[in-house]
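Participant: My numbering puts the sequence shown at residues 174 to 275.
Cβ coordinates follow ideal geometry from the N, Cα and C atoms, glycine included.
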Amino acid sequence: MGCSNSACLDVTNACHCFTNGISVGNAMIATGAEENVAVVTGEVPSHVALGCIADINKNPTQENFQQKVGGLTTGDAGGAVILQRASQHSGVKTYSFSSQGR
174 MGCSNSACLD VTNACHCFTN GISVGNAMIA TGAEENVAVV TGEVPSHVAL GCIADINKNP
234 TQENFQQKVG GLTTGDAGGA VILQRASQHS GVKTYSFSSQ GR
């Protein structure tokens with residue numbers, strides 16, 4: 174990519190880290206801090222799923238399964254996107270991140 178003297182930071186927020194990274198990259202471009210931003214992610218949660226499966230096999234009750242099922246819903250994956258300054262009629266138009274705030 175030919176990058177030199179590039180800033181690097183970690184945006185950690187579980188399942189939302191990639192979209193939050195895009196939001197941060199978009200803000201960096203919008204403020205003029207950067208012209209191009211690479212957002213890269215890679216997760217390998219399969220070790221969690223394997224641990225859940227082993228635990229369910231040791232204690233195969235419905236209650237234990239219900240407690241562990243969340244660990245079976247993830248998968249190993251990676252992704253990347255390059256963001257760069259463009260005309261005012263392209264790019265990230267809007268996004269919304271919210272919670273129930275409890």
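Where does the unbroken alpha helix (DSSP H) through Ala200 begin, and where does it stop?
Facilitator: Run containing Ala200: 190-203, per the alpha helix (DSSP H) assignment.
Participant: Across which residues does DSSP place Val221 in a beta bridge pair?
Facilitator: DSSP, once it has assigned bridges, lists no residue as partnering Val221.
Participant: Work out the CA separation of Asn232 and Tyr268 for me, nearest whole Å.
Facilitator: In a straight line, the C-alpha of Tyr268 is about 43 Å away from that of Asn232.
Participant: Do you know offhand how far Ala180's Cα is from Asn186's?
Facilitator: Computed Cα separation, rounded: 19 Å.
Participant: Let me make sure I understand the geometry here. Which of Ile255, Ala222, Cys225 has the alpha-carbon closest to that of Gly201?
Facilitator: First, the residue type needs correcting, since residue 201 is Met and not Gly in the sequence shown. With distances taken between Cα atoms, Met201 lies closest to Ile255.
Participant: Just to confirm before moving on: does the CB-CB distance between Met195 and Val242 stay below 8 Å?
Facilitator: The displayed chain sequence assigns Ile, not Met, to residue 195. No. Outside cutoff.
Participant: Can you tell me whether DSSP reads Ala227 as helix, strand or coil?
Facilitator: If DSSP states are grouped into helix, strand and coil, Ala227 belongs with the helices.
Participant: Among residues of its own chain, excluding the 5 on either side of Val212, which ones have a beta-carbon nearer than 6 Å to its beta-carbon?
Facilitator: Excluding residues within five positions, the ones whose Cβ falls inside 6 Å are Gly194, Ile195, Gly198, Val254.
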